[in-house]
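Undergrad:
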Amino acid sequence: MYDSFIDQLSGLDLSGLSIRPAPFNESDFPCENAIEQTLAAVWSDLFAMFSDTALEADAEDIAWGVVNLFHRAASRKSAQLDRASDEIRVLLASA
């Protein structure tokens, strides 16, 4: 997607804008294996922590709350991308 977007922009006269790679690289994020292992451990420990406690009946609801944290973060990022796309469209329309 990033490459095709650059290709589309490269044909336009956008002298006021510069096209460059994203300001991050692969090493800025944890590796996939580390993410999988950490989330599996957190998930397992979350349910183990509530086992045989007054919160055991609520463990599933609490776990869904944790999942929803990630969903909300993804929604915020998606909204940021949508706003950036809209700003680019406005810039292109005025170019």
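All residue numbers for the sequence shown refer to the working numbering, where the first residue is 268 and numbers rise by one. Idealized CB from N, CA, C, for every residue including glycine.
(1) Determine the direct distance from the alpha carbon of I355 to that of D349, and round the result to whole angstroms.
(2) Check whether the segment 303-315 touches the segment 329-340, counting contact only when three or more Cβ pairs, one atom from each stretch, lie closer than 8 angstroms.
(3) Along the alpha helix (DSSP H) that carries S285, what are the first and last residues, could you check?
(4) Could you please give the first and the last residue of the uninterrupted alpha helix (DSSP H) stretch that includes D319?
(5) So, with DSSP's three-state summary, where would you put N300?
(6) Could you give the C-beta distance for F337 and A326, rounded to a whole number, given that I count them as a contact under 8 angstroms?
(7) So, with DSSP's three-state summary, where would you put N335?
(8) So, helix, strand or coil for F291, using DSSP?
TA: Walking through what the data contain:
(1) Sequence index remark: in the sequence shown, residue 349 carries index 82 (1-based). Sequence index remark: in the sequence shown, residue 355 carries index 88 (1-based). Roughly 10 angstroms between the two C-alpha positions.
(2) yes
(3) The residue given as residue 285 occupies position 18 in the sequence shown. Unbroken run through S285: none, as it is neither H nor E.
(4) In the sequence shown, residue 319 corresponds to position 52, counting from 1. D319 -> no alpha helix (DSSP H), and no H or E assigned at all.
(5) In the sequence shown, the residue the question calls residue 300 occupies position 33. N300: helix per DSSP, three-state reduction.
(6) Within the sequence shown, the letter at position 70 stands for residue 337. Within the sequence shown, the letter at position 59 stands for residue 326. 18 angstroms between Cβ atoms; not a contact.
(7) Taking the sequence shown and counting its residues from 1, the one referred to as residue 335 is at position 68. Looking at N335 - three-state DSSP - the assignment turns out to be helix.
(8) Indexing the sequence shown from 1 puts residue 291 at position 24. In the structure shown, F291 sits in coil (DSSP, three-state: anything other than H, G, I, E or B).
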